[in-house]
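Asker:
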Amino acid sequence: MPGSIYNSTLAADSYSGTLANIGQAFPEYNTLDKLWASWYTWMQNDVLATGLMIFVIHEFFYFGRCIPWMIIDNIPYFQKYKIQQGKVNTFKEQWQCTSAVLLSHFTVELPQIWVFHPICSYFGMAYDTPLPNFLTMFYQIALFFCMEDTWHYWNHRLMHYGPFYKYIHKQHHLYSAPFGLAAEYASPIEVMVLGLGTVGSPILWCALTKNLHIFTCYFWIVLRLFQAVDAHSGYEFPWSLHHFLPFWAGADHHDDHHRYFIGNYASSFRWWDFLLDTEAGPKAKADRLARQKAKAEAKAQKALATGSASSKKTE
Ligand SMILES: [Zn+2]
Ligand SMILES: [Zn+2]
55 MPGSIYNSTL
65 AADSYSGTLA
75 NIGQAFPEYN
85 TLDKLWASWY
95 TWMQNDVLAT
105 GLMIFVIHEF
115 FYFGRCIPWM
125 IIDNIPYFQK
135 YKIQQGKVNT
145 FKEQWQCTSA
155 VLLSHFTVEL
165 PQIWVFHPIC
175 SYFGMAYDTP
185 LPNFLTMFYQ
195 IALFFCMEDT
205 WHYWNHRLMH
215 YGPFYKYIHK
225 QHHLYSAPFG
235 LAAEYASPIE
245 VMVLGLGTVG
255 SPILWCALTK
265 NLHIFTCYFW
275 IVLRLFQAVD
285 AHSGYEFPWS
295 LHHFLPFWAG
305 ADHHDDHHRY
315 FIGNYASSFR
325 WWDFLLDTEA
335 GPKAKADRLA
345 RQKAKAEAKA
355 QKALATGSAS
365 SKKTE
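Using our numbering, you'd call the opening residue of the sequence shown number 55 and step up by one each time.
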């Protein structure tokens, strides 16, 4: 039976009793530190404590983030901001999607969540108190966003290749006009492959540096969930993040991926699609054709110029 690194003598019968004991034993802790330490101390089973917390966080923040989008769907004022005008996702569609996502959470993700703590511990991820400071969390999470985006770009692009698309990724493309709940609507293989970018990035970082706290991981997973749900929301506002951070992808970017099926493979940022010329949509296609045409014309003119120069020489 897995134990705990937290002192069992401070564990009371109830969580609130444990919290009181921790408060007395560590008056220097801030509220979050006390709540965190009390959870592990009360549970006295670190694998279970991490597994339960991560599962609850996932469900709470994933579905919690979808609710505002479902409300917005029913407010006429916001309809002018819908990217694919006139596309309505019926209640039946949303319910089918939700039940499939829930089934995947319980059957595919839950078993993996239980091995999360042992893997993190193996690579030296900390889960003691005090919790890490804001600056450390900020730079590590920014790095995880970049790492996951790179992983996502290449693997998502690969998933659009013939058999991978047909047998794995097609399920995610059922909705050509996505909505928040559809973010995790995908085949179990896709959930595992693309999910590895989210879970594997912090584990790789920790294996290399031995400098990471599980709390930072939780925070990162929540932000990544928000990113995924928002990217599938189907709404583009004048105040959307990419208007302030031009390299941020957002719904504007991913909606076009669902609409046109080709291009915009990255998750959080626009740079991979920009640099590798895989941007989606008619405008990107027109720009690409114009660039190719200009390049071909320049090449033809150069060939013409060298041709006339050499014919002059032979005259
Ligand atoms: Zn795709
Ligand atoms: Zn998608």
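Built from N, CA and C at the ideal position, the CB exists for glycine as well.
(1) Rounded to whole angstroms, what is the Cα-Cα separation between residue 325 and residue 222?
(2) Please say whether residue 167 and residue 118 have beta carbons closer to each other than 7 angstroms?
(3) Taking Cβ to Cβ, would you say residue 310 is nearer than 7 angstroms to residue 288?
(4) Take residue 201 as the anchor and find which of 257, 139, 273 and 142 has the nearest alpha-carbon.
(5) What number of angstroms, rounded off, separates the C-alpha of residue 252 from the C-alpha of residue 226?
(6) Evaluate the contact criterion for the region 194–214 versus the region 120–138: three or more CB pairs, one atom per stretch, below 8 angstroms.
(7) How would you write the range of the alpha helix (DSSP H) that residue 217 sits in, first residue to last?
(8) Among 294, 176, 164 and 156, which residue has its Cα nearest to the Cα of residue 237?
(9) Using beta-carbon positions only, say whether residue 87 and residue 183 come within less than 7 angstroms of one another.
(10) Determine, using beta-carbon pairs with one atom in the region 300–320 and one in the region 143–155, whether at least three such pairs fall under 8 angstroms.
(11) My output table needs one value for residue 323: the three-state DSSP class, helix, strand or coil.
(12) Could you tell me whether the Cβ atoms of residue 186 and residue 267 are closer together than 7 angstroms?
(13) Do the region 122–133 and the region 93–112 meet, that is, are 3 or more Cβ pairs less than 8 angstroms apart?
(14) Shorter than 6 angstroms, the distance from the beta carbon of residue 80 to the closest heavy atom of ligand 4, or not?
(15) For residue 302, which residues does DSSP report across the bridge?
(16) My parser needs the beta strand (DSSP E) runs of 3 or more residues fully inside the region 114–140; what are they?
(17) Assuming contact is defined by CB atoms lying nearer than 7 angstroms, are residue 270 and residue 213 in contact in what I supplied?
(18) Would a C-beta distance cut-off of 7 angstroms place residue 234 and residue 283 closer than the cut-off?
(19) Would you tell me roughly how many angstroms separate the C-alpha atoms of residue 293 and residue 322, rounded to the nearest one?
(20) Please list, in chain order, all residues of the same chain as residue 280 whose beta carbon is under 6 angstroms from its beta carbon, the five residues on each side excluded.
(21) Could you compute how far the alpha carbon of residue 99 sits from the alpha carbon of residue 113?
(22) Hey, how far is the Cα of residue 211 from the Cα of residue 154?
(23) List the endpoints of the continuous alpha helix (DSSP H) containing residue 148.
Answerer: Reading from the atomic positions:
(1) 26 angstroms
(2) no
(3) no
(4) 257
(5) 18 angstroms
(6) no
(7) 216–221
(8) 156
(9) yes
(10) no
(11) strand
(12) yes
(13) no
(14) You won't find ligand 4 in this model; what it holds is ligand 1 and ligand 2.
(15) 323
(16) none
(17) no
(18) yes
(19) 17 angstroms
(20) 119
(21) 21 angstroms
(22) 24 angstroms
(23) 145–158
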